[in-house]
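For what it's worth, the UniProt record's numbering labels the leading residue of the sequence shown as 1, then goes sequentially.
Just so it is clear, CB atoms sit at the ideal spot from N, CA and C, and this is done for glycine as well.
Below is one structure, written out as structure tokens, with a few remarks after it.
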Amino acid sequence: MSLEDKCWTVFNKRDHKEAVHLLPLVKEPDKIIRTYTRDDVSLLHLSSRNDWLDVTKDLITKYHCDPQERDSVGQTCLHWAAFGNHVDVMRYLIDECHCGPMTVDEGMWTPLHMAAYYGSSAVVEYLLSTGKCDPLAKDFQGRTPFKLAKENGHTDTLSVLKKFGGIKSSHPIDSYVNILLVGNPGAGKSTLSHVINDTASFTLLGSFRNVGGVVPCTAGIIPYKLQHRTLGNIILHDFAGHSEYYSSHSAVIENLLQGSGGVFLIVVNMLEKEPVKQLHQWLTVVRNEAQKVLNQCHVIVIVSHVDEISNLVERRMRKEEIQEIIVRERCDSVFLDCRKLGGSGVDSFFNKLSSACEFIRSTSGRNLSLYCHMMYGLLEERKENILTLSDVMSAGKENDDYFIPDKREDVLDVLDSLYSTGLISVLKSEDKVWVVVNKGILLHRGGWDSLCSRDIQRTC
Ligand SMILES: Nc1nc2c(ncn2[C@@H]2O[C@H](COP(=O)(O)OP(=O)(O)O)[C@@H](O)[C@H]2O)c(=O)[nH]1
Ligand SMILES: [Mg+2]
């Protein structure tokens with residue numbers, strides 16, 4: 001047997017004394033790679049699994065082993081340490097070698113998946129305490145670490161995961177920013193909201209978007225939840241401009257902006273007789289609402305239909321007239337043909353909107369607990385528009401991917417926190433609580449009807 005083979009074998013057999021003895025004798029320990037349950041397993045992988053902190057350090061610092069190297073299924077030494085339930089090696093790899101705790105293997109397993117699957121509770125606790133792991137991450141088959149621990153009956157690991165339920169943790173749902181499109185009828189709000197929607201994943205330069213009639217909604221608002229390429233996660237609210245909706249708009253805006261602020265887009269049609277007067281009116285409405293909610297808001301004025309004025313002198317005069325009040329009111333502004341999917345005006349609009357969204361994200365101070373993220377995952381997975389509190393409680397018990405608190409009051413607290421982000425609505429009557437996951441449903445007449453008919457069915 002060669003010295004290299006011997007060295008690999010003692011690492012595999014966890015013979016620490018012999019490993020320390022052989023390591024300085026072999027040439028290029030970083031090149032020693034063999035097969036063990038899979039191909040491309042290195043000395044560093046085995047040493048991480050064995051919890052040999054001294055040897056792991058030597059391999060990296062003296063013998064040039066790469067802490068990022070992967071075996072044939074894409075696992076790194078962090079995955080191997082998670083398998084062995086070894087916190088010391090793991091801490092060293094994360095803190096000093098900058099190994100990413102969210103590194104995934106070919107099956108999309110993070111080290112947390114690995115630890116949960118093997119019931120390595122100490123590692124689960126350590127990984128969660130770093131705040132750098134996503135306990136909701138799903139593997140290739142859509143399984144969360146919680147599900148893997150549950151499937152394998154690791155009750156200790158499950159309770160460690162649950163212990164972190166109340167701890168604030170960041171997750172993409174934190175980053176949703178409400179964008180509110182307001183303005184008179186025909187200004188271009190719906191057109192612009194479709195353009196934002198259409199450019200969520202890519203831009204077709206030079207093409208136009210012509211929007212047909214807007215679907216009539218009882219409350220006159222259409223919400224779109226989007227993961228936008230340049231804007232990040234947003235919820236876009238296209239408000240009907242007709243005056244009969246104004247009183248309900250005010251209540252809706254107050255509700256939406258609770259706890260997180262938002263970005264107002266005031267759209268004014270340049271062709272209107274008195275665009276300056278309109279802009280003044282909308283600025284007053286928006287400032288009023290923003291003041292009520294006590295959260296940071298940002299306002300961008302969009303002057304639409306600029307393309308319709310072909311006379312350059314007239315265009316400049318009209319622009320200057322509106323620009324004066326925009327400057328005075330210290331708003332961001334863009335002059336646009338709202339139908340365009342690309343071009344410099346649109347790019348400048350997206351840049352402004354994107355910085356406004358970042359501003360809201362950085363100032364909202366939103367900080368949800370792991371329970372909130374779990375609850376939202378659970379609600380999204382159910383794919384139902386409306387649930388009662390008891391539906392939610394039993395869904396929580398049946399679900400293997402997510403966990404929610406056991407007590408009714410704690411579940412209500414979690415739902416209230418989610419309500420304040422604008423992602424769901426919670427409606428309370430004397431004896432019942434309704435959780436509205438798809439808020440759009442309430443804005444159509446059928447939504448209220450379905451809520452009422454379910455209520456009747458349950459009371460019968
Ligand atoms: N020429 C031109 N037409 C536009 C512009 N913005 C919107 N429109 C058109 O104006 C009409 C009303 O737009 P819409 O988005 O429904 O207005 P909303 O009532 O504010 O939602 C539609 O036919 C749009 O195609 C623009 O900037 N330039
Ligand atoms: Mg519209």
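Distance, residue j Cα to residue i Cα
i: Thr218; j: Tyr118; result: Residue confidence is low: Thr218 scores 46 on pLDDT, short of 50, so the model does not pin down where it sits. Its coordinate-derived value is still stated next. Their Cα atoms are separated by approximately 52 angstroms.
i: Asp30; j: Gly84; result: 21 angstroms
i: Thr157; j: Thr363; result: 36 angstroms
i: Glu96; j: Lys132; result: 15 angstroms
i: Lys340; j: His280; result: 26 angstroms
i: Arg382; j: Glu244; result: 35 angstroms
i: residue 462; j: Asp58; result: Here the chain covers residues 1 to 460 and nothing more, so residue 462 does not appear.
i: Leu25; j: Leu46; result: 18 angstroms
i: Asp5; j: Glu125; result: 36 angstroms
i: Arg49; j: Gln296; result: 49 angstroms
i: Met374; j: Arg34; result: 40 angstroms
i: Asn367; j: Thr130; result: 16 angstroms
i: Lys162; j: Lys150; result: 12 angstroms
i: His86; j: Gly166; result: 25 angstroms
i: Arg361; j: Val41; result: 43 angstroms
i: Gly232; j: Ile196; result: 12 angstroms
i: Glu254; j: Cys65; result: 57 angstroms
Close beta carbons around residue i, own chain, < 6 angstroms, minus the five adjacent residues each side
i: Thr230; result: Phe350 and Ser354
i: Phe164; result: Leu128 and Leu370
i: His242; result: Pro185
i: Ile222; result: Asp238
i: Ile234; result: Val177, Ile179, Leu226 and His228
i: Thr459; result: Because Thr459 carries a pLDDT of 35, less than 50, the predicted location of this residue cannot be relied on, and the following value inherits that uncertainty. Excluding sequence neighbours, Thr459 sits near nothing in its chain.
i: Glu308; result: Leu271
i: Trp8; result: Ile32 and Arg34
i: Leu389; result: Val433
i: Leu44; result: Leu59, Cys65 and Cys77
Chain-order list of residues whose beta-carbon lies under 8 angstroms from that of residue i (same chain, five-residue window excluded)
i: Glu380; result: Val437
i: Ala82; result: Met90, Pro111, Leu112, Met114, Ala115, Tyr118, Ser120, Val123 and Leu127
i: Pro216; result: Unreliable placement is indicated for Pro216, whose pLDDT of 45 sits below 50; the coordinate value is still reported in the next sentence. If we look at Pro216 and ignore the five residues flanking it on each side, it has no Cβ neighbours.
i: Lys138; result: Met108, Thr144 and Asp401
i: Val73; result: Arg38, Asp105, Glu106 and Gly107
i: His16; result: Asn50, Trp52 and Val55
Residues that residue i bridges to, as DSSP identifies them
i: Arg34; result: Val41
i: Cys297; result: Gly262
i: Tyr224; result: Leu236
i: Trp434; result: Thr388 and Leu427
i: Lys168; result: Ser369
i: Ser304; result: Asn269
i: Ser333; result: Val301
i: Gly183; result: Val267
i: Asn178; result: Ile235
i: residue 461; result: Nothing in the structure corresponds to residue 461, since the chain is present only between 1 and 460.
Ligand 4 heavy atom lying under 8 angstroms from the CB of residue i
i: Arg315; result: Within the structure as shown, ligand 4 is missing, the only ligands being ligand 1 and ligand 2.
Own chain, CB closer than 7 angstroms to residue i, minus 5 neighbours either side, in chain order
i: Glu384; result: Val437
i: Val276; result: Glu321, Ile322 and Ile325
i: Leu53; result: Asp88, Val89 and Tyr92
i: Cys372; result: Val414, Ser417 and Leu418
i: Leu378; result: Ala395, Gly396, Asn399, Tyr402 and Ile404
i: Lys292; result: Glu254
Buried or exposed (CB count within 10 angstroms, at least 16 for buried), residue i
i: Phe140; result: exposed
i: Gln68; result: exposed
i: His98; result: exposed
i: Ala19; result: buried
i: Gln227; result: exposed
i: Asp347; result: exposed
i: Lys407; result: exposed
i: His79; result: buried
i: Ile302; result: buried
For residue j and residue i, believed in contact at Cβ under 8 angstroms, the rounded distance
i: His298; j: Ala356; result: 4 angstroms
i: Ile300; j: Leu265; result: 5 angstroms
i: Gly188; j: Ser304; result: 4 angstroms
i: Phe335; j: Val306; result: 5 angstroms
Closer than 9 angstroms to chain D by CB, residue i
i: Gly165; result: Included in the structure is just one protein chain, with no chain D present.
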